[in-house]
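Everything below concerns the one structure shown next.
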Amino acid sequence: MGVSPVLNKKKKAERQIYTLPEAQKGPNRALELDRLIHERIRLGIVSALAVNESLGFNELKLILETSDGNLSVHARKLEEAGYLTCEKFFEGRMPKTEYRLTETGRKALERYLNHMEALIQTMRNQGETEE
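Below is the structure:
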């Protein structure tokens, strides 16, 4: 269910308007990005977890170069949306928090990346036709 890079061209008043196939649901409607993933820290969390089976809180904090509070808030939003799971446990006497991407989160990231690829392709194709 990816976004096709094939564009639909509409000619309107001597001007071509490029739209993505999924954006054809209403007049001048653009395909909307997943706002939950689009935010920088949340996109970083989901992307890091997509290529790692799991990551600890401190590992994510280092990767994303963010604060404890900032990471906690964004991770909780992703967890509430069902995009990741959070497991808390003790290693010896040290509390640990480990995150994993869920299948829902993986599919949401895939949709987001497909959308971004289609937008990039649209811009490239538009540039080619203007030359």
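Numbers in my numbering are just positions in the sequence shown, counted from 1, shifted up by 40. Ideal Cβ positions, reconstructed from N, Cα and C, are used throughout, including at glycine.
Taking only the alpha-carbon atoms, compute the straight-line gap between residue 160 and residue 152 and give it to the nearest angstrom. Between residue 160 and residue 152, the C-alpha separation is close to 12 angstroms.
Using the three-state DSSP reduction, which class does residue 133 fall into: helix, strand or coil? In this structure, DSSP gives residue 133 a state outside helix and strand, which the three-state scheme calls coil.
Relative to the alpha-carbon of residue 120, which residue among 142, 101, 130, 100 has its alpha-carbon at the smallest distance? 142
In angstroms, rounded to a whole number, what distance separates the CA positions of residue 48 and residue 167? Here the model assigns residue 48 a pLDDT of 48, short of 50, so the residue's position is not dependable, and the following value carries that caveat. Looking at the two C-alpha atoms, the distance is approximately 15 angstroms.
What does the alpha-carbon distance come out to for the pair residue 86 and residue 145? 7 angstroms
Per DSSP, what are the beta-bridge partners of residue 128 in this structure? 137
If you draw a straight line from the C-alpha of residue 68 to the C-alpha of residue 162, how long is it? Low confidence applies here, because residue 68 scores a pLDDT of 43, under 50, leaving its location unreliable; read the following figure in that light. Straight through space, the alpha carbons of residue 162 and residue 68 are spaced by roughly 16 angstroms.
I need the straight-line Cα distance from residue 124 to residue 165, nearest angstrom please. 35 angstroms
Check each candidate in 94, 104, 108, 96 and name the one with the smallest Cα separation from residue 82. 104
Which same chain residues end up closer than 6 angstroms to residue 127 when comparing Cβ atoms and leaving out the 5 residues on each side of it in sequence? 138
Integer Cβ distance of residue 117 from residue 73, believed to fall under 8 angstroms: So it is not a contact: roughly 16 angstroms between Cβ atoms.
Looking at residue 136: is its Cβ nearer than 8 angstroms to the Cβ of residue 96? yes
Do the CB positions of residue 88 and residue 100 come within less than 8 angstroms of each other? yes
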